[in-house]
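In numbering that gives the first Met the number 0, the protein residues as written are 0 to 235. Idealized CB from N, CA, C, for every residue including glycine. Small disclaimer: the values here were computed from a predicted structure and weren't measured.
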Amino acid sequence: MIKTGIIGAMELEVATLKNLMTVNTVTAKAGMDFYDGTLEGRSIVVVRCGIGKVNAAMCVQILADLFGVTHIINTGVAGSLNPRLDIGDILISERALQHDMDSSPIGFAPGQVPDIDVLAFPADRAMIDTAVAACRRVNPDISVLTGLVVTGDQFISDRKTKDRLIAVFHGDCAEMEGAAVAQASYLNRLPFIIIRAISDKADDSAGGMDFPTFERQAAEHCAKLTVEFIRSFEPA
Ligand code: ADE
0 MIKTGIIGAM ELEVATLKNL MTVNTVTAKA GMDFYDGTLE GRSIVVVRCG
50 IGKVNAAMCV QILADLFGVT HIINTGVAGS LNPRLDIGDI LISERALQHD
100 MDSSPIGFAP GQVPDIDVLA FPADRAMIDT AVAACRRVNP DISVLTGLVV
150 TGDQFISDRK TKDRLIAVFH GDCAEMEGAA VAQASYLNRL PFIIIRAISD
200 KADDSAGGMD FPTFERQAAE HCAKLTVEFI RSFEPA
């Protein structure tokens, strides 16, 4: 049976899902509250992990060990690195890597975790396809792309850093949890996807006065898509 762990970094991102689901239990662990229950008749665990890679990785491990989830979704907002992604649009991960992982002096590619066999962690094909189709149904007015999520413990808000993430990694969006969720899922052999709505352009305009408004809109698009994903996902 499928049981999907749904991880958001911020309360805004998980509030809608918590309101819509039937909650059976709430378990506090490592400063996170795990809401175990059902949505559209499907088993889910919804949790706000907090910001950053350490929180995100810990959260996946708890979902795997304590809740026995079979699939992982990470939803949230991101800064756009791709000119085709405007504020409010959605990026679904094909792959994810950590832009602040750099062991290049000892022979590894920038972004590569030493001694792991992949540079970017691949998301699950069936989950990607379901998410894209779900997004087109419930958010018909926005663009949905698939691509590379680049993750680091850093809010990107200057043009120079943004340009580096594009030049070195060819990233499509920048955020602060996805690749940690991806690595922890990969190591636990759990299929995953990252669903990110664009809240800013990851340049000098990011984090400005409009950020809370854009963030709210972006989080709504993510929540609608995630509900439709849960309703429609049939693994192979
Ligand atoms: N989340 C939303 N926007 C972001 C940005 N510009 N950098 C990192 N994480 C983000």
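### Query
Taking 7 Å as the line, does the beta carbon of Asp171 fall inside it for any heavy atom of the ligand ADE?
Incorrect: Asp171 has no Cβ contact closer than 7 Å to the ligand ADE.
### Message
If you follow the alpha helix (DSSP H) that Leu224 is in, where does it begin and where does it stop?
### Response
For Leu224, the enclosing alpha helix (DSSP H) begins and ends at Phe210 to Ser231.
#### Entry: Reduced DSSP secondary structure (H/G/I, E/B, other) of Val236
Here the chain has residues from 0 to 235 only, and residue 236 is not among them.
### Query
When you compare each of Leu96, Ile91, Thr225 and Thr74 to Asp116 by their alpha carbons, which one comes out closest?
Ranking the options by Cα distance to Asp116, first place goes to Leu96.
### Query
By DSSP, does Arg83 sit in helix, in strand, or in coil?
Here Arg83 sits in coil by DSSP.
#### Entry: Near the ligand ADE: Gly51 beta-carbon under 7 Å from a heavy atom
Taking the Cβ of Gly51 as the reference point, every heavy atom of the ligand ADE lies at 7 Å or farther away.
### Task
Select from Gln60, Ala56, Ile50 and Ile5 the residue whose C-alpha is nearest the C-alpha of Tyr34.
In terms of Cα proximity to Tyr34, the closest of Gln60, Ala56, Ile50 and Ile5 is Ile5.
### Task
Flag Ser231 as yes when its Cβ comes closer than 7 Å to any non-hydrogen atom of the ligand ADE, and as no otherwise.
Answer for Ser231: no, Cβ out of range of the ligand ADE.
### Task
Could you tell me whether the region 187-200 touches the region 123-135, using the rule of 3 or more Cβ pairs below 8 Å?
Yes: the two stretches touch, three or more of their Cβ pairs being nearer than 8 Å.
### Message
Nearer than 7 Å: is that true of the beta carbon of Ala235 relative to any heavy atom of the ligand ADE?
### Response
No, the beta carbon of Ala235 sits no closer than 7 Å to any heavy atom of the ligand ADE.
### Message
Measuring only the C-alpha atoms, how far is Asp99 from Arg195?
### Response
Note on geometry: alpha-carbon atoms of Asp99 and Arg195 lie some 19 Å from one another.
### Query
If Ile89 and Leu186 are in contact, beta carbons under 8 Å, what's the gap, nearest whole angstrom?
With 8 Å as the limit, Ile89 and Leu186 do not qualify as a contact, their Cβ atoms being about 27 Å apart.
### Task
Count the C-beta pairs between the region 163-173 and the region 38-53 that are closer than 8 Å, then say yes if the count reaches three, no if not.
These segments do not touch.
### Task
Just the C-alpha distance for Thr15 and Phe210, rounded to the nearest angstrom, thanks.
Distance between the alpha carbons of Thr15 and Phe210 is about 19 Å.
### Task
Decide if Leu65 is buried, meaning its Cβ has at least 16 other Cβ atoms within 10 Å, or exposed.
Counting Cβ neighbours within 10 Å, Leu65 comes out exposed, since fewer than 16 surround it.
### Message
I need the straight-line Cα distance from Leu80 to Ala217, nearest angstrom please.
### Response
Rounded to whole angstroms, Leu80 to Ala217 spans 16 Å at the Cα level.
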